[in-house]
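Here the sequence shown stands for residues 340 to 771, where the numbers follow my numbering.
Some notes on the structure that comes next.
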Amino acid sequence: MKQMMKKMKKSMAGQVLWLFMLVLVVAQGLSACRSDSQDAPNPDPVQTVNHRTLLMYFPWSGDSSPLTTFFWQNIRDMKRAYLQSGVKDEQVIVFIQTDGTTGYLFNLADYRGFAKDSLATYTQYTDLAPTTVGGIARILGAMRAMAPADSGYAMTIGCHGMGWIPVTPASRHQAASASAAGSAPHWDSYQPGGAVTRFFGGTSARYQTDITTLADAIASTGMQMDYILFDDCYMSSVEVAYDLRQVARYVIACPTEVMSDGMPYAEIGKSLLGRPDYQGVVDGFLRHYEAASYPYGTIGVTCCAELDGLARLMREIHQRDSVWTGNRSALQRMDGYTPVLFYDLGDYVDHLCSDSLLRRQFTAQLGRVVPYKAHTAKFPTVMSSSDAEYVGDGLYVVPIHTYSGITTSEPSVHQSANLYYRSTAWYQATCP
Numbered sequence: 340m341k342q343m344m345k346k347m348k349k350s351m352a353g354q355v356l357w358l359f360m361l362v363l364v365v366a367q368g369l370s371a372c373r374s375d376s377q378d379a380p381n382p383d384p385v386q387t388v389n390h391r392t393l394l395m396y397f398p399w400s401g402d403s404s405p406l407t408t409f410f411w412q413n414i415r416d417m418k419r420a421y422l423q424s425g426v427k428d429e430q431v432i433v434f435i436q437t438d439g440t441t442g443y444l445f446n447l448a449d450y451r452g453f454a455k456d457s458l459a460t461y462t463q464y465t466d467l468a469p470t471t472v473g474g475i476a477r478i479l480g481a482m483r484a485m486a487p488a489d490s491g492y493a494m495t496i497g498c499h500g501m502g503w504i505p506v507t508p509a510s511r512h513q514a515a516s517a518s519a520a521g522s523a524p525h526w527d528s529y530q531p532g533g534a535v536t537r538f539f540g541g542t543s544a545r546y547q548t549d550i551t552t553l554a555d556a557i558a559s560t561g562m563q564m565d566y567i568l569f570d571d572c573y574m575s576s577v578e579v580a581y582d583l584r585q586v587a588r589y590v591i592a593c594p595t596e597v598m599s600d601g602m603p604y605a606e607i608g609k610s611l612l613g614r615p616d617y618q619g620v621v622d623g624f625l626r627h628y629e630a631a632s633y634p635y636g637t638i639g640v641t642c643c644a645e646l647d648g649l650a651r652l653m654r655e656i657h658q659r660d661s662v663w664t665g666n667r668s669a670l671q672r673m674d675g676y677t678p679v680l681f682y683d684l685g686d687y688v689d690h691l692c693s694d695s696l697l698r699r700q701f702t703a704q705l706g707r708v709v710p711y712k713a714h715t716a717k718f719p720t721v722m723s724s725s726d727a728e729y730v731g732d733g734l735y736v737v738p739i740h741t742y743s744g745i746t747t748s749e750p751s752v753h754q755s756a757n758l759y760y761r762s763t764a765w766y767q768a769t770c771p
């Protein structure tokens with residue numbers, strides 16, 4: 340993509356998010372609730388047993404608007420951070436798809452580039468089933484076999500994303516692009532030579548994977564991730580995190596669209612290695628985007644162990660205030676869709692809950708659910724809306740007035756929410 344596309348990544352997630360991926364790489368859990376050139380001497384690429392292993396997964400991002408160039412830059416940046424960290428008991432394993440049918444698996448320590456002669460040295464896969472439980476589990480198993488760990492695993496996933504929206508023949512594109520001009524999927528809004536954002540998976544259903552499929556695949560391997568980092572748009576969603584709470588201790592993600600540069604691994608890579616430093620991750624993310632040509636970004640870190648407590652309070656709130664009667668335009672929107680699909684969770688509850696004590700309890704618990712978060716003054720989107728400001732290159736920005744680091748679609752009247760929201764595990768746990 341062109342230089343002017345100062346890059347954004349899109350994410351979406353939830354009860355059944357579509358991981359448009361052609362193979363997921365995942366990793367078991369770690370403990371829960373922390374310039375040198377790429378030609379520099381490599382650390383010992385394989386140890387008998389590592390303390391922990393980080394799995395980086397980059398599924399095919401679609402025949403239109405592919406993000407592969409940005410993925411390779413992410414890998415180069417992570418290698419620099421890995422070499423600079425000096426870690427001796429942790430390996431980083433990479434899986435990347437270079438088209439809809441081909442993927443490569445390699446140890447980051449062995450990364451020498453993405454030219455054909457370099458790709459020939461990596462393990463190649465051509466019989467992928469990345470949108471199925473078995474296909475994802477197979478890749479995860481291969482990654483684990485390449486670098487087994489005695490303490491656990493973590494995982495990053497880089498691609499496009501649509502939050503919790505499920506993969507069905509109509510849900511991702513046809514339902515989203517129903518009547519209103521601003522409701523078409525954000526990747527349909529890219530302009531030639533303009534800014535680009537990311538999402539999880541590909542631009543067609545054949546490359547998309549439900550969040551529940553990802554969770555089932557990880558569970559089938561017996562792994563629990565110390566964290567899952569979604570380098571995609573819209574993935575910091577309470578509906579997504581709730582689906583992953585049994586297989587990940589933390590979820591690191593963006594509640595809005597993210598520029599196509601994605602996570603700044605050169606700045607945050609060392610914070611992802613060893614004992615994860617989540618405050619370091621959000622601080623590095625914010626520094627990077629405040630200094631970027633497009634200075635817009637949001638991030639949140641969700642502690643999954645606290646989600647059941649939040650669900651209990653949400654259910655109690657719904658028992659008192661079961662019907663939304665307020666003005667949706669007064670809520671903090673976190674997307675460019677029309678109607679809005681993703682709202683700030685904390686702001687929604689502040690407007691919904693009529694009991695002041697219960698509202699304070701929810702706010703305190705939400706602080707435990709999202710203990711680390713950061714944002715710039717405005718968030719980016721490639722879609723126009725009534726309160727969005729155009730900043731050039733096909734990019735718009737929306738002011739952030741209140742921020743909890745995580746979203747919900749509960750009050751949305753977007754057609755996708757009307758069709759599928761009641762099937763999410765979060766809705767079923769919180770709505771009597």
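Here a beta-carbon is modelled for each residue, glycine too, at the ideal position from N, C-alpha and C.
Margin query: Quick check on Tyr529: does DSSP put it in helix, strand or coil?
Written below: Start at 1 with the first residue of the sequence shown, and residue 529 comes out as number 190. With a pLDDT of only 42 at Tyr529, under 50, the local geometry of the prediction cannot be trusted, and the value read off the model is given with reservation. Three-state result, Tyr529: coil.
Next item on the list: Report, in whole angstroms, the separation of the C-beta atoms of Ala580 and Leu646, which I expect to be a contact under 8 Å.
Entry: Here residue 580 is taken as the residue at index 241 of the sequence shown, counted from 1. Here residue 646 is taken as the residue at index 307 of the sequence shown, counted from 1. Sure, about 6 Å apart at Cβ, within 8 Å.
Item checked: Nonlocal neighbours in the same chain, by C-beta distance under 6 Å from Thr441, ignoring five residues either side -> Translated into positions along the sequence shown, residue 441 becomes position 102. Thr465, listed in sequence order.
Check: Quick one: what's got a C-beta closer than 6 Å to Arg698's C-beta in the same chain, skipping five residues either side?
Finding: Taking the first residue of the sequence shown as position 1, residue 698 is located at position 359. Answer for Arg698: Cys692, listed in chain order.
Notebook entry, point to check: Who are the Cβ neighbours of Phe445 in its own chain at under 7 Å, not counting the five residues just before and after it?
Noted result: The count along the sequence shown starts at 1 and reaches residue 445 at position 106. Same-chain partners within the cutoff: Val433, Tyr461, Thr462.
Notebook entry, point to check: Which two residues bound the contiguous alpha helix (DSSP H) that contains Val579?
Noted result: Taking the first residue of the sequence shown as position 1, residue 579 is located at position 240. Where Val579 is concerned, the enclosing alpha helix (DSSP H) stretches over 577-583.
Notebook entry, point to check: Under three-state DSSP, which class holds Cys309?
Noted result: Any answer about residue 309 is impossible in this case: the structure gives the chain only from 340 up to 771.
Checklist line | Counterpart residues of Asp683 in DSSP-defined beta bridges | finding: Counted from its first residue, the sequence shown places residue 683 at position 344. Note: Asp683 sits in a beta bridge opposite Thr746.
Note to self: Which residues does DSSP list as the beta-bridge partners of Glu645?
What the structure shows: What you label residue 645 is simply residue 306 of the sequence shown in a count that begins at 1. Looking at the DSSP assignment, Glu645 forms no beta bridge with any residue, so it has no partner.
Next item on the list: Report the rounded CA-to-CA distance for Gly601 versus Leu568, giving the unit in angstroms.
Entry: As a first step, residue 601 is located in the sequence shown; it is residue number 262 there, counting from the start. As a first step, residue 568 is located in the sequence shown; it is residue number 229 there, counting from the start. Answer to the nearest angstrom: the Cα atoms are 11 Å apart.
Next item on the list: Select from Gly480, Tyr759, Tyr546 the residue whose C-alpha is nearest the C-alpha of Ser559.
Entry: Your numbering for residue 559 matches position 220 in the sequence shown. Among Gly480, Tyr759, Tyr546, the Cα nearest to that of Ser559 is on Gly480.
Next item on the list: Confirm, please, whether the CB-CB distance from Arg419 to Ala605 is below 9 Å.
Entry: Here residue 605 corresponds to residue number 266 of the sequence shown, with the count starting at 1. Here residue 419 corresponds to residue number 80 of the sequence shown, with the count starting at 1. Contact flag set, yes.
Next item on the list: Leaving aside the five residues before and after Ala509 along the sequence, list all residues of the same chain whose C-beta is less than 7 Å from its C-beta, in chain order.
Entry: Working through the sequence shown from its first residue, we reach residue 509 at position 170. Confidence at Ala509 is low in this model, with a pLDDT of 49, below 50, so the placement of that residue is unreliable and no value is reported for it.
Next item on the list: Note down the Cα distance separating Val426 from Arg672, rounded to an integer number of angstroms.
Entry: Position 87 of the sequence shown, counted from the start, is the residue given in the question as residue 426. Position 333 of the sequence shown, counted from the start, is the residue given in the question as residue 672. Approximately 41 Å, taken between the alpha carbons.
Next item on the list: Would you mind working out which of Ser576, Pro405, Asp428 sits nearest Thr747, comparing C-alpha positions?
Entry: On the sequence shown, residue 747 is found 408 positions in, with the first residue counted as 1. It is Ser576 whose Cα lies nearest to the Cα of Thr747.
Check: Helix or strand or just coil, what does DSSP make of Thr720?
Finding: Here residue 720 refers to the residue found at position 381 when the sequence shown is read from its first residue. Residue state, collapsed to three classes: strand.
Check: By how many angstroms is the C-alpha of Met501 removed from the C-alpha of Ser755?
Finding: Start at 1 with the first residue of the sequence shown, and residue 755 comes out as number 416. Start at 1 with the first residue of the sequence shown, and residue 501 comes out as number 162. The alpha-carbon atoms of Ser755 and Met501 are separated by roughly 11 Å.
Check: Considering only residues of the same chain and omitting the five flanking positions on each side of Val620, which have a CB-CB separation below 6 Å?
Finding: Your numbering for residue 620 matches position 281 in the sequence shown. Ile607, Ser610, listed in sequence order.
Notebook entry, point to check: Would you call the segment 760-768 and the segment 700-720 touching, i.e. three or more CB-CB distances under 8 Å?
Noted result: no
Note to self: Between the alpha carbons of Asn666 and Asp689, how many angstroms are there, rounded?
What the structure shows: To locate residue 666, count along the sequence shown from 1; it is residue 327. To locate residue 689, count along the sequence shown from 1; it is residue 350. Those two C-alpha atoms are separated by around 13 Å.
Check: When the Cα atoms are used, what is the spatial distance from Pro531 to Ile478?
Finding: Taking the sequence shown and counting its residues from 1, the one referred to as residue 531 is at position 192. Taking the sequence shown and counting its residues from 1, the one referred to as residue 478 is at position 139. Any answer about Pro531 is weak, because its pLDDT of 46 lies below 50 and its placement is not dependable; what the coordinates show is given next. Taking the straight line from one Cα to the other gives about 34 Å.
Next item on the list: Report the residue from Gly639, Gln585, Met562 whose alpha carbon sits nearest the alpha carbon of Val597.
Entry: Here residue 597 refers to the residue found at position 258 of the sequence shown. The candidate whose alpha carbon is nearest that of Val597 is Gly639.
Checklist line | Counted within 10 angstroms of its Cβ, other Cβ atoms place Gln430 as buried (16 or more) or exposed | finding: Residue mapping note: residue 430 aligns to position 91 of the sequence shown, counting from 1. With 16 or more Cβ atoms within 10 Å of its Cβ, Gln430 is classed as buried.
Notebook entry, point to check: If Ala544 sits next to Val590, beta carbons under 8 Å apart, how far is it from one beta carbon to the other, in whole angstroms?
Noted result: Counting from one through the sequence shown, the residue named residue 544 turns up at place 205. Counting from one through the sequence shown, the residue named residue 590 turns up at place 251. Incorrect: roughly 24 Å between the Cβ atoms, too far for contact.
Note to self: Any contact between the segment 714-723 and the segment 640-660? By contact I mean 3 or more CB pairs, one from each, below 8 Å.
What the structure shows: no
Item checked: Rounded Cβ spacing between Arg654 and Pro771 (contact assumed at less than 8 Å) -> Along the sequence shown, read from residue 1 onward, the residue named residue 654 stands at position 315. Along the sequence shown, read from residue 1 onward, the residue named residue 771 stands at position 432. Yes, they are in contact, since the Cβ atoms of Arg654 and Pro771 sit about 6 Å apart, within 8 Å.
Margin query: What would DSSP say about Phe453, mapped onto helix, strand or coil?
Written below: The sequence position of residue 453 within the sequence shown is 114, counting from 1. Reduced to three states, the DSSP call for Phe453 is coil.
Item checked: Distance, Gly733 Cα to Gly561 Cα -> Indexing the sequence shown from 1 puts residue 561 at position 222. Indexing the sequence shown from 1 puts residue 733 at position 394. C-alpha separation (whole angstroms): 44 Å.
Next item on the list: Would you mind stating whether Gln563 and Gln585 have Cβ atoms separated by less than 9 Å?
Entry: The count along the sequence shown starts at 1 and reaches residue 563 at position 224. The count along the sequence shown starts at 1 and reaches residue 585 at position 246. Yes; because the gap between Cβ atoms is below 9 Å, this pair is in contact.
Item checked: CB contact flag (Met494, Met417, <9 Å) -> The residue labelled residue 494 in the question sits at position 155 within the sequence shown. The residue labelled residue 417 in the question sits at position 78 within the sequence shown. No; because the gap between Cβ atoms is not below 9 Å, this pair is not in contact.
Item checked: Sequence-distant residues of its chain with Cβ nearer than 6 Å to Gln436 (five each side left out) -> For the purposes of this step, residue 436 is identified with residue 97 of the sequence shown, where counting begins at 1. Cβ neighbours of Gln436 beyond the five flanking positions: Leu361, Pro398, Trp399, Gly442.
Margin query: Once the 5 residues before and after Pro405 are set aside, which same chain residues still bring their CB inside 7 Å of it?
Written below: Counting from 1 along the sequence shown, the entry for residue 405 is found at position 66. Closer than 7 Å at the Cβ level, and outside the excluded window around Pro405, lies no residue.
Note to self: Taking 7 Å as the limit between beta carbons, can you name the residues of its chain near Leu680, skipping five residues before and five after?
What the structure shows: In the sequence shown, residue 680 corresponds to position 341, counting from 1. The residues are Asp674, Ser748, Ser751, His753, Ser755, Ala756.
Note to self: For Asp694 and Ala650, what's the separation of their Cα atoms in angstroms?
What the structure shows: Taking the first residue of the sequence shown as 1, we reach residue 694 at position 355. Taking the first residue of the sequence shown as 1, we reach residue 650 at position 311. Approximately 17 Å between the Cα atoms of the pair.
Check: Can the beta-carbon of Pro469 be found closer than 9 Å to that of Thr392?
Finding: On the sequence shown, residue 469 is found 130 positions in, with the first residue counted as 1. On the sequence shown, residue 392 is found 53 positions in, with the first residue counted as 1. Contact: no.
Note to self: DSSP three-state label for Asn389, please.
What the structure shows: For the purposes of this step, residue 389 is taken as the residue at position 50 of the sequence shown. Note: Asn389 maps to strand in three-state DSSP.
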